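**Q** Residue numbering for the sequence shown follows our numbering, starting at 10 and increasing by one per position.
Idealized CB from N, CA, C, for every residue including glycine.
As the structure is a prediction and not an experimental result, all values here were calculated from the model.
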Amino acid sequence: MKYMNTKTLALTVLLLPACAALQAGAKDTAMLYTEKGYFTVMAPAGWTNTESTFGLSQEDKKVFGAEFLGPQDADGITARISVRYYAPGNLLHKTAEKFISTHAKPALGAAAGGRQYGPVKTGLAGKYYAKFFERKTFEFIPPETISPKKIPVYEKFHVVPMKRGFYVLSYHSSLAAAKTGLPNYEAILASFKPLLR
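1. Around the Cβ of Y95, are there at least 16 other Cβ atoms within 10 angstroms (buried) or fewer (exposed)?
2. Note down the Cα distance separating V177 from P157, rounded to an integer number of angstroms.
3. Quick one: what does DSSP say G190 is sitting in, helix, strand or coil?
4. Considering only their Cβ atoms, is the gap separating I160 from I86 smaller than 7 Å?
5. CB A113 to CB L198, shorter than 7 Å?
6. Taking Cβ positions, are Q125 and K145 nearer each other than 7 Å?
7. Find out if the Cβ-Cβ distance for the pair V169, E148 is shorter than 7 Å.
8. Rounded to a whole number of angstroms, what is the C-alpha to C-alpha distance between L184 and A39?
9. What residues in its chain sit with their C-beta under 8 Å from that of K129, if we drop five residues either side in the sequence?
10. In chain order, what are the residue ranges of uninterrupted alpha helix (DSSP H) at least 4 long that sit wholly in the stretch 98-150?
11. Verify whether the separation of the beta carbon atoms of G190 and S182 is less than 7 Å.
12. Buried or exposed: L23, going by 16 or more other Cβ atoms within 10 Å of its Cβ?
13. Which of helix, strand or coil does DSSP assign to S200?
14. Grab me the residues of Y194's own chain with a C-beta within less than 6 Å of its C-beta, minus the 5 sequence neighbours each way, in chain order.
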């Protein structure tokens, strides 16, 4: 019996580094993510999927999706990628066109404070037709303080219309770190597969 315990211990000691290496490798590999029958994407390695706990539920809003958080930069802005399905009758944007008109141009017709809005273009999200646009805005860090720092932010959106509802894929990062996280957004974009058509 003593011999068996020593043998088991020796085997454990030998296999422990291999198991640790496999776990470390798993963190560097993109993982397939499925959102309740609405879509699949390859989630970026090392990014965390979060769910908002504020406001109405996804079912109440009729907006379903995921948000992946990446690294936080020196200014305190966390890169994020979201993929959302807006069902017919949702409470936020009735149509893909309404979403685009709301987000692709300034609310009052003129960009204030150095904000920039790029043109709406046609492209693909995975193998699906999409309208996409970029914009440069600002975020104040830390929020809700007397003298926050104004940080330039880069955002990119892909809007995919469907017969019923539409999808929005978006990327948000500080302007300084935008190029670093953009390949992760492009990978999610390339892997995007809607499950409702």
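**A** So, to answer that:
1. buried
2. 30 Å
3. helix
4. yes
5. no
6. yes
7. no
8. 24 Å
9. Here the sequence assigns Val to residue 129, which means Lys is not the residue at that position. Same-chain partners within the cutoff: I109, A113, K140, F141 and F142.
10. 105-112
11. yes
12. Any reading at L23 must be qualified, since the residue scores a pLDDT of 42, below 50, and its modelled position is unreliable; the value itself is stated next. Answer is exposed; the Cβ neighbour count stays below 16.
13. helix
14. I90 and Y180
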